[in-house]
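Protein chains: 2
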Amino acid sequence: MNDQQALTLYIAAFVSELVQTGIRDVVVSPGSRSTPIAMVMAEHPDLRLHIHVDERSAAFFALGISKASKKPTVLLCTSGTAAANYFPAITEAKISRVPLVVLTADRPHELRDVGAPQTIDQIHLYGNHVKWFVEMAPPANSDEMIRYARTVCARAVATSKQAPAGPVHLNFPLREPLIPLLDNEQLFQLKERNEGYVKIQQPTISLKNDEFELYAELLNSTSKGIIVCGQIDDQKFSNHVVALAEKLQFPILADPLSQLRSGDHRGDMIIDTYGTFLRNDEAKKKLQPEMIIRFGAMPISKVVNLFLKENLTTRQVVVDGGVGWRDPAMLSTEMVYCDESIFCEELVKRVAPAVDSHYSNQWKKLNKATKEILTVVNETEDLSEGKLFYQLEELLPEDATVFVGNSMPIRDLDSFFHFNQKRIHVMANRGANGIDGTISTALGAASLKQPFYLILGDLTFFHDMNGLVAAKLEQLNITILLINNNGGGIFSFLPQASHPNHFEQLFGTPLGLDYSKAVDMYGGSFISITNWEDFSSTILQDRQNVGLRVIEIVTNREKNVKEHHNLWNFVSQEINALLEGEY
Amino acid sequence: MNDQQALTLYIAAFVSELVQTGIRDVVVSPGSRSTPIAMVMAEHPDLRLHIHVDERSAAFFALGISKASKKPTVLLCTSGTAAANYFPAITEAKISRVPLVVLTADRPHELRDVGAPQTIDQIHLYGNHVKWFVEMAPPANSDEMIRYARTVCARAVATSKQAPAGPVHLNFPLREPLIPLLDNEQLFQLKERNEGYVKIQQPTISLKNDEFELYAELLNSTSKGIIVCGQIDDQKFSNHVVALAEKLQFPILADPLSQLRSGDHRGDMIIDTYGTFLRNDEAKKKLQPEMIIRFGAMPISKVVNLFLKENLTTRQVVVDGGVGWRDPAMLSTEMVYCDESIFCEELVKRVAPAVDSHYSNQWKKLNKATKEILTVVNETEDLSEGKLFYQLEELLPEDATVFVGNSMPIRDLDSFFHFNQKRIHVMANRGANGIDGTISTALGAASLKQPFYLILGDLTFFHDMNGLVAAKLEQLNITILLINNNGGGIFSFLPQASHPNHFEQLFGTPLGLDYSKAVDMYGGSFISITNWEDFSSTILQDRQNVGLRVIEIVTNREKNVKEHHNLWNFVSQEINALLEGEY
């Protein structure tokens, strides 16, 4: 048996096992060293291959598929800098707990660190930004090495899924000749255990009964409690947390990424304008909690994070099914490692029902009043970033997915997108909050979820423009709302904005690009909106269209800051008036 | 003294010291956490700030400046995935021995691994792909900590320059408030040692006199010797190695990146068509060497590398001033750690002059004959990739710099660009040979060197299209020859080309993009060439123009392979005829 046969059978066993573990999507970047894996994968009838030349975009595309499918996606690239281009998406996947199985081809041992072309040190290439790294054995065709390839594959997929989910990295040293023998009809017929080599039973992250009892007691110790939900993407969780909130009469401060702002669940307990009314000192004083239960990532809202900090002495229970430490302000008094849905489900069974409390009613009343005050946003005549997000609830179709860019868009969504039952799914890259890879992540998700909207600023759009090619090559359907304020809008909200020296050079960074040209190159349609009537009608008409559609909304950074500040001042005054009238 | 003052003085001391070490160029990507460093740098009158939004391109742009200036360039970015985007350029810099000083801003210790936004683990972020990593102390304003900031800065710059040059990484934990106090006219006035804190005297990598004597004896032991020069970018070296070659009568197989194919030095000993005539078995037999001296990186030519392998038993002296191990085929019999210029200079003094030898004349004759045979390339009527490179010598102006993309362009340059005295400088990213970052590296170099030409294929162009924005923002002058064969041309030369199943999907990867649109977006001009007359006249006329100019040459991948194969067959037959006639 020659080397080519060993190569073929070893790789085929690995690829078979990938499919057996449930992998369906593989994002491949072209390259020479990875040839045998790519060719064997292309032969497998159950794998969908996505081919992307730019490995940075490829990795974010895979991230998007994993986020949408909630399953690991496989990445494959050749040796050298190709693999280094995966790094940004891998760091994001690690922190945002998204499963990825990263396969890199490598030179064999004798060609490493000796000046061979396209060779970098790929051992532990991603450091501790992956959950597991394996330097694979060189291909061999003994029964034992086939078992090895299959076992490592099964472990890699399981490890990537195990909470906290994340990326794993397998590095394959491959010798020439790199061409597998594909004229074998039995390629994916395995000699042993044809049904999958080893089933890996994941643990349930939960508590013991008596521990649940203690937490039930704790939560019942006060009626002045709130629940804070940051990013968490689990459909079961919504109903469970709402049931717990109702039973305890604890309002839920629901981050847009908690998936609690839109869905089939009841909305009575959902507080969605806290980012507005918690700017008011009077309101904050009246709403001081005695108990905080926090789920998911840290909330996006700086306002709510400040409120939590100001209530430093309040008992704060942080529930984390990913066994991490999501508590930058060191506020937790209890760090509870338990699956979030299980926690809510078990506590609902155990807590005593609370009566309608004055405290929770205050939250609800303020939330309702704030929503009424915020209708003023709709009166803005000029194109404004706030109003754009305010109108989404009305304009988006049911069951749409909205992917939101970092910096300003996610913050505006937080402020202006309120509870509805359209089952709108909200996504973002909020692990490391980069502006990179946003288009690719969205397109990866859009390959599975429709209708799909991406809302992002011009610098974020620019950063991942290469990602647009996936829309062309895979004929994906996506509507991109491009908020073009010609530069980095968020910096105008930061202290450096009051230092005009170098501000535009270092922070404003206007690029002055006409993005319609890039969109045209990728075969998309491009419309630039100049008024609100066009905005609504364009969004509505757009529902009939397919492919890549970019709708540009040109705004002004300076004006945007003023609008936001004026709005917060106005709302705060109104809330003051309301609170004075009330008490 | 409050925190803001400590921050300001600590950072200002660091930035002062950067300037004192000779740093002039800083490539900054906008971000919040890096604000104090960026603002202080912008205040310094002796620093040139280049602002680039896409950190991947920014890092390659810095790489290009360093390659052109032969000095370290500084990179600055904010925390999170921004820093991960530097990774591809850093791996390239490490292997190609280019000095870079990478500064990343980071969250302070208390905000790490606790779910704070835009935070990834940046400790040893680039693993062993940097020469040195320092987690900087948090800013402090004691005399001692100012000394510390300055000493680390001096060490970082010196370490990046020390052979083998390469990237270093300093990670700055920074707390809010992030705004430095810039209303201080004495900002860069240092209390102590205002002239630079510590001068670091680098060692000379050289041999002892008696060791040089031994090598002189060794080299004089045969008249059948050759010198092989791969990538090496040192103007002094050219004259030294040519002098040694002449004295020993050892022909120099000169890779295009050795800078020996064009320059003021004499060309008698330069062999530049070895990649063509060493395909002929008869020629290889006659040219078997008894001594090989090798300088620089491994040559690009697969043909010459095969020739070296076939002469496994020949004594091979590898001289490496970077103290590495550039010998993938394990051919060296002597690994000599000595600066390459010093080695040649010292050996020229010591070796006995050789008489004109039959052996070296055979090399020269075959080289000359091959050049004559290759004039056939000029007869190609259709646009062809080979002829394009063949014509460069004639069409490029004196003192031009040519940056060449990886995959096919660098190989074609190797085959078709022959010795001349136009002092054309040839550059490429041949550390890890990636197709990424090519445009940005070229533009970084073009900011210092003019006139400047970049020749690359369409996938390489696509991969770093974002890099083009630098040409617009910095008003750089560059002529890009875009060889557009709609996909990955090199794969058609590899074994997978004979497996048509999945070939286009996995390897050909046609993107079908009209790049004129992207070029237009970046304010460049775009001409697509359809015949040779237009090609010549366009290149010549283009010399009068400024800004970004892209000249597209559309070719066909399948035809290109056939043309190359036909040409090699034709040349080999001609050489056979020549050798038969001769002996």
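These protein sequence lines are chains A and B, in that order.
My numbering puts the first residue of the first sequence at 7, with every later residue one more than the last.
My numbering puts the first residue of the second sequence at 7, with every later residue one more than the last.
The beta carbon of each residue, even a glycine, is placed where N, CA and C say it ideally should be.
This one's a predicted model, so the numbers in the text were calculated from it and none came from an experiment.
Determine, for residue i, whether the minimum Cβ-Cβ distance to residues of chain B falls below 8 Å.
i, result
"N91 (chain A)", "yes"
"E191 (chain A)", "no"
"G494 (chain A)", "yes"
"W138 (chain A)", "no"
"N147 (chain A)", "no"
"R332 (chain A)", "yes"
"V32 (chain A)", "no"
Per DSSP, what are the beta-bridge partners of residue i in this structure?
i, result
"R300 (chain B)", "B:V234, B:V324"
"A534 (chain A)", "Here residue 534 (chain A) is Ser; the residue named in the question, Ala, does not match the sequence. DSSP lists A:E558 as partners of S534 (chain A)."
"A111 (chain A)", "A:F178"
"L81 (chain A)", "A:V33, A:V108"
"R267 (chain A)", "Beta-bridge pairing links R267 (chain A) to no other residue."
"P173 (chain A)", "A:L106"
"Y459 (chain A)", "A:V408, A:T485"
"F139 (chain A)", "A:H175"
"E539 (chain A)", "Bridge partners of E539 (chain A): none, in fact."
"M341 (chain B)", "B:V324"
"A260 (chain B)", "B:C235"
"L55 (chain B)", "B:V32"
When the Cα of residue i is compared with those of the options, which residue comes out closest?
i, options, result
"N498 (chain B)", "B:E564, B:V34, B:V408, B:I211", "The question names Asn, but residue 498 (chain B) is Ser in the sequence shown. The shortest Cα separation from S498 (chain B) among B:E564, B:V34, B:V408, B:I211 belongs to B:E564."
"V342 (chain A)", "A:P334, A:A335, A:G330", "A:G330"
"T544 (chain A)", "A:P359, A:H135, A:L398, A:S413", "A:L398"
"G493 (chain B)", "B:T97, B:T282, B:A155, B:S413", "B:S413"
"A3 (chain A)", "A:P183, A:K205, A:Q124", "Within the shown structure, residues of chain A are numbered from 7 to 589, placing residue 3 (chain A) beyond reach of any answer."
"T228 (chain A)", "A:N483, A:D405, A:Q255, A:N435", "A:Q255"
"H56 (chain B)", "A:W538, A:G529, A:E586, A:H508", "A:H508"
"K428 (chain B)", "B:L106, B:H505, B:F20, B:E400", "B:E400"
"T561 (chain B)", "B:G553, B:L554, B:H570, B:R555", "B:H570"
"K76 (chain A)", "A:M433, A:E352, A:N200", "A:M433"
"I43 (chain B)", "B:V247, B:K523, B:Y16", "B:Y16"
"W538 (chain B)", "B:Y396, B:F458, B:N572", "B:Y396"
Let me see if you follow: with CB-CB separation under 8 Å, is residue i close to chain A or not?
i, result
"D119 (chain B)", "yes"
"R161 (chain B)", "no"
"N211 (chain B)", "With the sequence shown as reference, residue 211 (chain B) is identified as Ile, and Asn is not the correct amino acid for it. By this cut-off, I211 (chain B) is not an interface position."
"F468 (chain B)", "yes"
"Q124 (chain B)", "yes"
"H505 (chain B)", "yes"
"Q511 (chain B)", "yes"
"M414 (chain B)", "no"
"N566 (chain B)", "no"
"Q502 (chain B)", "yes"
I believe residue i touches residue j by the beta-carbon criterion, under 8 Å. Please report the beta-carbon distance rounded to the nearest angstrom.
i, j, result
"V408 (chain B)", "L402 (chain B)", "7 Å"
"P173 (chain B)", "I96 (chain B)", "5 Å"
"F66 (chain A)", "D470 (chain A)", "7 Å"
"A303 (chain A)", "G495 (chain B)", "About 45 Å separates the two Cβ atoms, so there is no contact after all."
"Y221 (chain A)", "A160 (chain A)", "Contact flag wrong, Cβ pair sits at about 35 Å."
"T110 (chain A)", "W138 (chain A)", "In fact, because the Cβ distance is near 14 Å, the residues do not count as touching under 8 Å."
"Q481 (chain A)", "G553 (chain A)", "7 Å"
"R281 (chain A)", "V310 (chain A)", "Here residue 281 (chain A) turns out to be Gly, not Arg, going by the sequence shown. Rounded, the Cβ-Cβ distance is 6 Å, consistent with contact."
How would you call residue i, buried or exposed, if buried means at least 16 neighbouring beta carbons within 10 angstroms?
i, result
"A143 (chain A)", "exposed"
"E116 (chain B)", "exposed"
"K197 (chain B)", "exposed"
"L318 (chain B)", "exposed"
"Q207 (chain A)", "exposed"
"Q502 (chain A)", "buried"
"G86 (chain A)", "buried"
"Q124 (chain B)", "buried"
"R199 (chain A)", "exposed"
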